[in-house]
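Everything below concerns the one structure shown next.
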Amino acid sequence: MTDPLPISPRMSYGQIRMALYQVAPDLHVASTRLPGKLDGIYCLTTNTVLIDRRITYTRKRCALVHELVHWQHGDDTTHGCIGGKNERRCRHETARLLINPAEYALAERMYDGNPYQMAAELNVTVQVIEDYKNWLHDSVAAWKKEENRDRANPHAGTAAAGDAG
-10 MTDPLPISPR MSYGQIRMAL YQVAPDLHVA STRLPGKLDG IYCLTTNTVL
40 IDRRITYTRK RCALVHELVH WQHGDDTTHG CIGGKNERRC RHETARLLIN
90 PAEYALAERM YDGNPYQMAA ELNVTVQVIE DYKNWLHDSV AAWKKEENRD
140 RANPHAGTAA AGDAG
């Protein structure tokens, strides 16, 4: 699956599941009791997402989107993937799907950056708030690195533009 996921920050867990019937009819999503502290898993072999039925709807919503990002990239999470490059990518994409930037900025100001209050306001877990902060930090760091590179070599890329004329 390479198409964008049909998810907006305002969608509920139920709305996301209903949207999947249209865009991913072959994907199976079910609720069950998962072992340990798992909120969700995606099995590539059976094309199935399992979400722990005992968790809150906010956690279900976040876990479902997280597993859908793994599904979109073809990551099999049945044996875990915590800490790897795929997991970092998945956490950043999940946070960006679940959080509206303007609403995040407002919540950050309203609650002085308190992640628990921000999470409650935005209907996400504290982990998703932390993942969004990490993505913002990484994005700013990459932007600064690029800006510094451009300052160090201000004529890079201008020769090609000059040759065209």
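Using the working numbering, read the sequence shown as starting at -10 and increasing by one per residue.
Even glycine gets a Cβ: it sits at the ideal position worked out from N, Cα and C.
Bear in mind that the values here come from a model prediction, so they are computed numbers and not experimental data.
C-beta contact flag for leucine 111 and tyrosine 93 at 8 Å:
In the sequence shown, counting from the first residue as 1, residue 111 sits at position 122. In the sequence shown, counting from the first residue as 1, residue 93 sits at position 104. Yes, Cβ-Cβ distance for leucine 111 and tyrosine 93 is below 8 Å.
Residue range of the alpha helix (DSSP H) that includes isoleucine 5:
The residue given as residue 5 occupies position 16 in the sequence shown. Note, isoleucine 5: alpha helix (DSSP H), 2 to 12.
Assuming aspartate 28 and alanine 13 form a contact by the criterion Cβ under 8 Å, report the distance between their Cβ atoms to the nearest whole angstrom.
Counting from 1 along the sequence shown, the entry for residue 28 is found at position 39. Counting from 1 along the sequence shown, the entry for residue 13 is found at position 24. In fact, because the Cβ distance is near 20 Å, the residues do not count as touching under 8 Å.
Have a look at Arg98, Glu82, Ala91, Tyr105 and flag the residue whose alpha-carbon is nearest the alpha-carbon of asparagine 123.
Position 134 of the sequence shown, counted from the start, is the residue given in the question as residue 123. Checked all of Arg98, Glu82, Ala91, Tyr105; the closest Cα to asparagine 123 is Glu82.
Who are the near neighbours of leucine 95 in its chain, counting only those whose CB is closer than 8 Å to its CB and skipping five residues on each side?
Residue numbering aside, residue 95 sits at position 106 when the sequence shown is read from its first letter. Contacts found: none.
Tell me the DSSP secondary structure of aspartate -8 in three-state form.
In the sequence shown, residue -8 corresponds to position 3, counting from 1. Of the three classes helix, strand and coil, the one that applies to aspartate -8 here is coil, per DSSP.
Beta-carbon separation of arginine 22 and arginine 6 under 8 Å?
On the sequence shown, position 33 is the one that residue 22 refers to. On the sequence shown, position 17 is the one that residue 6 refers to. No.
Contact belief for valine 54 with leucine 86 at Cβ below 8 Å, rounded distance in angstroms:
Taking the first residue of the sequence shown as 1, we reach residue 54 at position 65. Taking the first residue of the sequence shown as 1, we reach residue 86 at position 97. Indeed they touch by this definition, with Cβ atoms about 6 Å apart.
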